[in-house]
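Protein sequence lines, in the order shown, are assigned to chains Z and B. With the UniProt record's numbering, the residue at position 38 of the first sequence is 38, and numbering never jumps. With the UniProt record's numbering, the residue at position 74 of the second sequence is 74, and numbering never jumps. For each residue, glycine too, the CB sits at the ideal point set by N, CA and C. I have placed the structure first, in the form of structure tokens, so that the comments after it can refer back to it.
Protein chains: 2
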Amino acid sequence: MMTDSRSADRDAATDALFKALSDGTRRALLETLVREGEQNVQALTQQSGVSQPMVSRHMAKLKRAGLVTARRTGRETWYAARVKGLAPVIGWMAVHGALWSQRFSALEGLGK
Amino acid sequence: MMTDSRSADRDAATDALFKALSDGTRRALLETLVREGEQNVQALTQQSGVSQPMVSRHMAKLKRAGLVTARRTGRETWYAARVKGLAPVIGWMAVHGALWSQRFSALEGLGK
DNA sequence: TTAACCCATAATCATTGGGTTATGGATTGG
DNA sequence: CCAATCCATAACCCAATGATTATGGGTTAA
Chain Z
1 MMTDSRSADR DAATDALFKA LSDGTRRALL ETLVREGEQN VQALTQQSGV
51 SQPMVSRHMA KLKRAGLVTA RRTGRETWYA ARVKGLAPVI GWMAVHGALW
101 SQRFSALEGL GK
Chain B
1 MMTDSRSADR DAATDALFKA LSDGTRRALL ETLVREGEQN VQALTQQSGV
51 SQPMVSRHMA KLKRAGLVTA RRTGRETWYA ARVKGLAPVI GWMAVHGALW
101 SQRFSALEGL GK
């Protein structure tokens, strides 16, 4: 049930998700997880080009947005991409109706 | 041709696009254009809940991101959603390969 | 137990960015 | 020509954020 006509674009989860994706460093971190699977903070720090604390904070934000999961074993924290996390993005695009939806067929062409 | 292994997530256009979508007010403005078609700044201001200068600045950002087009006639500026503008978002998702691509089939179910 | 290691948080800084009101340029209407 | 209208830009405020170094808590190893 829609409580406000503007709620679709003001949804807190959707907002957190788009904000999480709006930074290049975070997107790069996420892509590393997608490509290379679960990684600990050490490994992510080495490939990211930013400091370890920054990686921790970026991962926290990605986690709050639902884009990664965290699994702690001993002193290491292992992060993994959470595939379902992008669903709200797809949902947001779908909300715009047939106009945008038509373009989704182009996905097949883009799928490399 | 890929000039840098990290370039996919550091591409300036992609960054501008995600940043443009990361604000709820801008997404609401964009959705208005998608739903109701071309609108001038006046109309957008009335429905947005923010001041006219803020609308102008948001629209400028959406335009730089390639999500809207602007057409000036006399003293009015008419903005329209640019459907192709979302392609890089879809492209970015596709870059992540089959892992994400599988989920795109869920679009059909989400398409209302 | 002590040292080394992994990670998260705190403190700090500079920049970005959303918001406002004020202003001004360009266009239309009397 | 003058006034009203439409929009963009400027000036400003404050909160959020990306980044750093410093610190500290918890875990493994010697």
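Under a CB-based cut-off of 9 angstroms, is residue i close to chain Z?
i                        : result
glycine 66 of chain B    : no
lysine 19 of chain B     : yes
methionine 93 of chain B : yes
arginine 27 of chain B   : yes
threonine 45 of chain B  : no
Counting along the chain, where does the alpha helix (DSSP H) carrying residue i start and finish?
i                      : result
residue 135 of chain Z : Since the first residue of chain Z shown is 1 and the last is 112, residue 135 of chain Z is not available in this structure.
valine 41 of chain Z   : 41-48
arginine 57 of chain B : 52-64
glycine 37 of chain B  : First-last for glycine 37 of chain B: undefined, no H or E at that position.
leucine 17 of chain B  : 12-21
Could one say the Cβ of residue i lies closer than 9 angstroms to chain B's Cβ atoms, at least one of them?
i                    : result
serine 22 of chain Z : yes
valine 50 of chain Z : no
valine 89 of chain Z : yes
Mind checking residue i: buried by the 16 CB within 10 Å criterion, or exposed?
i                       : result
glutamate 36 of chain B : exposed
arginine 26 of chain Z  : buried
residue 179 of chain Z  : Past the boundaries of the shown model lies residue 179 of chain Z; chain Z is included only from 1 to 112, so the question cannot be answered.
threonine 73 of chain Z : exposed
serine 48 of chain Z    : buried
Please report the distance separating the alpha-carbon of residue i from that of residue j.
i                        : j                       : result
serine 56 of chain B     : valine 41 of chain B    : 7 angstroms
aspartate 11 of chain Z  : proline 88 of chain B   : 23 angstroms
aspartate 23 of chain Z  : leucine 62 of chain Z   : 11 angstroms
leucine 17 of chain B    : leucine 86 of chain Z   : 16 angstroms
alanine 81 of chain B    : leucine 30 of chain B   : 6 angstroms
proline 53 of chain Z    : alanine 60 of chain Z   : 11 angstroms
alanine 65 of chain Z    : valine 83 of chain Z    : 12 angstroms
tryptophan 78 of chain B : valine 68 of chain Z    : 40 angstroms
alanine 13 of chain Z    : glycine 91 of chain Z   : 12 angstroms
residue 127 of chain B   : leucine 44 of chain B   : With chain B running from 1 to 112 in the structure shown, residue 127 of chain B is simply not present.
leucine 21 of chain Z    : valine 34 of chain Z    : 14 angstroms
alanine 28 of chain Z    : arginine 75 of chain B  : 43 angstroms
aspartate 15 of chain Z  : aspartate 15 of chain B : 16 angstroms
valine 50 of chain B     : lysine 19 of chain Z    : 20 angstroms
histidine 58 of chain Z  : histidine 58 of chain B : 26 angstroms
alanine 94 of chain B    : threonine 32 of chain Z : 15 angstroms
valine 39 of chain Z     : glutamine 39 of chain B : This sequence places glutamine at residue 39 of chain Z; valine is not what is there. Spanning the two alpha carbons is a distance of roughly 47 angstroms.
- prompt: At a Cβ cut of 7 angstroms, what residues of the stretch 60-86 of chain Z count as close to chain B, listed as they run along the chain?
  reply: Against chain B - using a Cβ distance shorter than 7 angstroms - the residues of the stretch 60-86 of chain Z are Val83, Leu86.
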